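Scroll down for the structure; my scribbles are underneath it.
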């Protein structure tokens with residue numbers, strides 16, 4: 025193939041990155057905006073990816089000792105008031121339920137049955153779960169208490185963006201109580217490592233594990249750890265967080281226990297979560313100008329078999345063959361599960377059909393026509409290669425190699441993203457002036473493509489952070505992995521042994 | 025064992041049925057009431073049962089061809105207004121979101137940011153999903169469209185009761201569009217049969233499949249099918265419903281398609297759902313005066329290994345042995361999955377520990393002490409038998425027989441419930457007077473234990489239904505399985521070939 029194929033997605037990343045993102049979502053049939061402002065509809069292919077993420081993560085959560093439970097959607101208003109910083113952080117973006125019925129007046133429905141105390145729709149569940157924990161935790165024997173919830177949450181968003189920032193989103197939130205700070209901090213790190221594994225080994229997203237500055241912390245936390253990923257516009261995406269909450273919520277909610285000496289103590293709590301935002305991160309990391317590319321380990325389907333039927337009278341015979349092939353492939357194992365193989369018999373033109381799967385990002389397409397049947401061979405297309413690059417295999421070779429080809433694709437996606445992140449991370453920025461210069465768009469027509477990440481010595485201070493924020497850059501995190509060498513803070517020039525990552529972000 | 029053991033649950037079913045229900049939930053650690061009025065907290069053991077139900081049903085839903093998706097929690101008020109009967113049915117019990125932020129005033133948080141149009145929290149999703157379907161369905165090629173959603177819904181409840189009737193509950197709702205009535209009605213029956221299999225083969229709940237009268241129909245449906253189960257107070261529980269919606273919602277939402285002749289047609293839609301209410305049905309059907317009994321096929325854990333440690337110096341040796349046994353049992357298969365076996369090493373007195381598992385209803389307890397280790401044997405207790413009934417087995421016998429013992433327990437629970445339903449269903453009631461007499465509590469001190477079900481000829485009419493409703497009995501359904509013989513309506517005396525089930529209900 026010498027001629028560059030026409031791209032399936034218009035505009036391309038280069039032409040208009042934000043619009044390209046919307047068009048990939050549409051072309052891959054992942055989701056759509058809903059008439060409920062800020063809320064999105066997750067369509068079957070998007071939901072299928074989320075189900076795979078859930079399934080992988082749920083197993084890790086249970087392996088880590090947490091049990092799933094479910095807490096109310098509605099939180100009494102006064103619960104939010106109990107933790108001062110928490111209320112500051114969340115009160116501004118809450119959906120408030122004030123009435124519990126509707127009545128028809130002049131042909132219109134109007135709210136009636138005003139509640140004595142309004143409910144807020146949970147933006148996160150520390151306060152309502154903390155209240156339950158205050159009953160569940162009595163003695164040191166009840167600790168550690170490790171609970172996880174899969175739920176929808178609502179944070180009012182003025183500028184919603186599908187998957188990345190929506191009023192309603194879906195997530196899991198882990199909430200744990202421990203006897204002391206050491207145990208709690210261990211759990212915070214354990215959860216973060218679990219998220220790194222999810223991001224890197226399943227979603228093929230290379231991430232930087234780090235700690236947030238005070239300004240960027242979760243409202244009410246003592247310390248917030250995070251994983252940060254680089255998108256293809258070189259902005260950072262916070263892909264998961266894990267918080268050490270100290271005794272702040274124990275104090276607010278009354279989580280006390282009798283220790284082994286019979287003394288009353290406050291529990292040390294943690295919380296950690298990842299959300300449907302990961303699907304946004306997946307798109308922005310792996311999609312290309314032909315549409316989505318889904319890493320095999322979280323693909324709802326691994327391969328599609330596309331019968332090629334030149335003449336109508338060949339239909340029955342070809343479909344019988346491709347059905348048999350599909351069945352054989354479904355008996356293969358990949359990553360501990362049976363392969364999911366679609367046999368696409370839709371009555372569509374071949375090109376349209378094939379491109380619909382390219383755009384969805386299915387890892388492998390398998391075409392079989394009459395001549396392939398005769399010669400006992402198939403033509404396959406890998407999504408990590410050019411959309412029109414054909415690979416000719418014997419049928420038995422396909423059966424033998426399919427799982428290892430999927431492994432290769434998975435590894436390729438990770439390597440590509442890892443290289444991209446490395447290429448666009450600089451350690452050469454020495455001061456605020458250089459940082460500002462680095463983050464100033466070089467091409468005024470493309471303000472949406474950014475320079476990348478800066479890794480530089482940083483002495484944390486609110487004043488320095490304000491100076492950086494002025495040109496819309498934030499401190500993403502202090503990476504956990506530090507070399508400990510001394511340098512001068514990129515903002516203040518003060519000596520420091522810690523380096524931080526700076527970037528524009530979602 | 026000649027002496028009847030003391031019951032773990034007080035009061036017993038006989039003493040106070042409604043309170044017994046609450047106490048079983050507490051003793052089995054299934055759920056608790058929350059400070060958010062009408063909402064409950066589902067605790068890990070209760071959630072574990074729901075997860076098993078979800079897993080079994082989700083597989084059947086996908087096998088039936090439906091795909092999962094996710095739609096917004098919030099529905100614009102005007103959507104509800106579109107279907108006249110639907111709004112009548114749901115407007116009275118809606119949670120209404122009117123504001124999107126909170127502000128501190130005089131130290132209190134007050135709602136601000138009033139919405140131009142309020143949102144209702146979905147009580148069911150026909151209108152918002154119908155709106156999406158109006159975009160997704162264009163041509164006959166798009167049909168049938170089969171979508172399912174796992175979600176939380178809210179219906180304001182004045183008299184909430186855990187699992188049975190809570191303001192927020194969890195469910196799945198299937199929504200489908202078909203080209204004509206015949207296809208749609210087939211889907212309605214398919215979904216109902218799927219629910220029968222879930223209820224009978226997994227939850228061991230014998231159910232009657234039937235059709236609701238007009239009065240009892242889903243608001244907006246042309247026909248509502250249901251499965252009805254008998255609880256141990258002989259009241260009926262509607263355990264699942266499947267609705268043929270005709271073109272009512274297609275008209276309201278604009279679901280049109282071009283048929284093969286190029287003519288514009290309205291889609292025929294269906295919806296079907298089961299909820300966390302099933303867990304309530306499970307408790308009320310299988311629990312006894314010692315607590316819950318969970319059918320093995322939906323038990324979060326199948327067996328618990330309880331080490332018996334008479335002297336502290338034997339601890340290490342015994343725990344090593346019981347850990348090994350637990351591991352061996354976990355390699356066994358039951359109902360297509362690995363057995364889940366808990367090794368309970370908690371530092372509790374033996375009796376307390378053992379009873380905690382009786383109350384949770386784990387199918388099998390396995391006790392192992394030093395003498396059992398010496399003789400290579402174990403003592404097991406089956407939850408379908410008396411809590412203190414010991415069964416002595418060699419270790420290898422246990423390994424060999426455990427899956428088949430679980431099968432026996434599953435079958436026993438179903439048989440017991442089926443017999444109970446048969447014993448308390450009468451066909452002898454001939455007229456309204458006799459029906460009233462049948463449903464009048466015989467013991468005034470126990471108004472909560474009812475007579476059972478009446479199966480009798482019934483000619484549907486609103487007037488007749490009102491007469492029955494006067495003594496708080498409802499027509500549960502016309503069973504699908506009718507013998508077609510002619511009889512006289514139990515209320516009006518009119519000749520009819522159809523029989524109906526009458527009962528008090530939840």
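Protein chains in written order, with the numbering used here: chain A, 25 to 530; chain B, 25 to 530. For every residue, glycine included, the Cβ atom is placed at its ideal position computed from N, Cα and C. Quantities reported herein were computed from a predicted structural model and do not represent experimental measurements.
Would you call the CB atoms of residue 229 of chain B and residue 253 of chain B closer than 8 Å?
Yes.
Considering only DSSP beta bridges, list what residue 175 of chain A is partnered with.
In DSSP, residue 175 of chain A forms a bridge with A/195.
Is residue 144 of chain B helix, strand or coil by DSSP?
Residue state, collapsed to three classes: strand.
Whole-angstrom Cβ separation of residue 395 of chain B and residue 378 of chain B, contact assumed at under 8 Å?
That belief does not hold up - the Cβ atoms of residue 395 of chain B and residue 378 of chain B are roughly 17 Å apart, past 8 Å.
Less than 6 Å between C-beta atoms, sequence neighbours within five positions excluded: which residues of the same chain meet that for residue 66 of chain A?
Excluding residues within five positions, the ones whose Cβ falls inside 6 Å are 55.
Measure the alpha-carbon distance for residue 345 of chain A versus residue 404 of chain A and round it to whole angstroms.
Cα to Cα, residue 345 of chain A sits roughly 16 Å from residue 404 of chain A.
Taking the C-alpha atoms as reference points, what is the distance between residue 509 of chain B and residue 522 of chain B?
Distance between the alpha carbons of residue 509 of chain B and residue 522 of chain B: 8 Å.
Where does the unbroken beta strand (DSSP E) through residue 394 of chain B begin, and where does it stop?
Careful: residue 394 of chain B lies outside any beta strand (DSSP E), inside the alpha helix (DSSP H) at 394-399.
Give the single residue among A/332, A/178 and A/245 whose Cα lies nearest to the Cα of residue 199 of chain A.
Selected option, being the one with the closest Cα: A/245.
List the residues that DSSP assigns as beta-bridge partners of residue 498 of chain B.
Its beta-bridge partners are B/527.
Helix or strand or just coil, what does DSSP make of residue 284 of chain B?
Coil.
Contact criterion: CB-CB distance below 8 Å. Does residue 85 of chain A meet it with respect to chain B?
Residue 85 of chain A does not count as touching chain B.
Run the CB neighbour count on residue 186 of chain A, radius 10 Å, all protein chains shown included, and call it buried at 16 or more, exposed below.
It is buried - the Cβ of residue 186 of chain A has at least 16 other Cβ atoms within 10 Å.
Under three-state DSSP, which class holds residue 267 of chain A?
In the structure shown, residue 267 of chain A sits in a strand (DSSP, three-state: E or B).
Quick one: give me the first and last residue of the alpha helix (DSSP H) that residue 301 of chain B is part of.
Where residue 301 of chain B is concerned, the enclosing alpha helix (DSSP H) stretches over 301-310.
Report back the beta-carbon spacing between residue 463 of chain A and residue 414 of chain A to the nearest angstrom; my notes put them in contact at under 8 Å.
So it is not a contact: roughly 43 Å between Cβ atoms.
DSSP beta-bridge partners for residue 362 of chain B?
Partner(s): B/357.
Pull up the DSSP beta-bridge partners for residue 60 of chain A, would you.
According to DSSP, residue 60 of chain A bridges with nothing at all.
Can you name the start and end residues of the beta strand (DSSP E) that residue 251 of chain A belongs to?
Start and end: 247-254.
Within 8 Å of any Cβ in chain B, is that where the Cβ of residue 368 of chain A sits?
Answer no: the Cβ-Cβ gap between residue 368 of chain A and chain B never drops below 8 Å.
Cα separation between residue 242 of chain B and residue 448 of chain B?
If you take the alpha carbons of residue 242 of chain B and residue 448 of chain B, they lie about 28 Å apart.
Roughly how many whole angstroms lie between the Cα atoms of residue 141 of chain A and residue 48 of chain A?
Using only the alpha carbons, I get a separation of about 44 Å.
Which residues, taken in chain order from the stretch 374-406 of chain B, show a beta carbon closer than 7 Å to some beta carbon of chain A?
Listed by position, the residues of the stretch 374-406 of chain B near chain A (Cβ gap below 7 Å) amount to none.
What residues in its chain sit with their C-beta under 6 Å from that of residue 261 of chain A, if we drop five residues either side in the sequence?
These residues qualify, in order along the chain: 253, 255, 305 and 530.
Nearest to residue 204 of chain A by CA position, among A/294, A/459 and A/135, is which residue?
Residue 204 of chain A has its Cα closest to that of A/294, out of A/294, A/459 and A/135.
Could you check where the beta strand (DSSP E) with residue 233 of chain A kicks off and where it finishes?
Start and end: 231-235.
Look up residue 92 of chain A in the DSSP assignment and say whether it is helix, strand or coil.
The answer is strand: DSSP assigns residue 92 of chain A an E or B state.
Just to confirm, is the Cβ distance from residue 173 of chain B to residue 197 of chain B under 8 Å?
Cβ distance < 8 Å, so residue 173 of chain B and residue 197 of chain B count as in contact.
So does the stretch 409-423 of chain A actually touch the stretch 452-460 of chain A, counting three or more Cβ pairs closer than 8 Å?
Contact fails: fewer than three Cβ-Cβ distances are below 8 Å.
Tell me the residue span of the beta strand (DSSP E) that contains residue 21 of chain A.
Only positions 25 to 530 of chain A appear in the structure, and residue 21 of chain A is not among them; the question remains open.
Measure the alpha-carbon distance for residue 130 of chain B versus residue 181 of chain A and round it to whole angstroms.
Spanning the two alpha carbons is a distance of roughly 26 Å.
Would you grab the beta carbon distance between residue 120 of chain B and residue 127 of chain B for me? Rounded to a whole angstrom, and I think it's under 8 Å.
Not quite, the Cβ-Cβ distance comes to about 20 Å (not below 8 Å), so this is no contact.
Using a Cβ-Cβ cut-off of 8 Å (strictly less than) and excluding sequence neighbours within five positions of residue 373 of chain B, which residues of its own chain qualify?
The answer is none, since no qualifying residue turns up.
Which term fits residue 409 of chain B, buried or exposed, when burial requires 16 or more other beta carbons within 10 angstroms of its beta carbon?
Per the 10 Å Cβ criterion, exposed.
With 8 Å set as the bound, which would you pick, yes or no: does the beta-carbon of residue 516 of chain B sit closer than that to a beta-carbon of chain A?
It does not; no Cβ of chain A falls within 8 Å.
Indicate whether at least one CB of chain A lies closer than 8 Å to the CB of residue 126 of chain B.
Closer than 8 Å to some Cβ of chain A, the Cβ of residue 126 of chain B qualifies, so yes.
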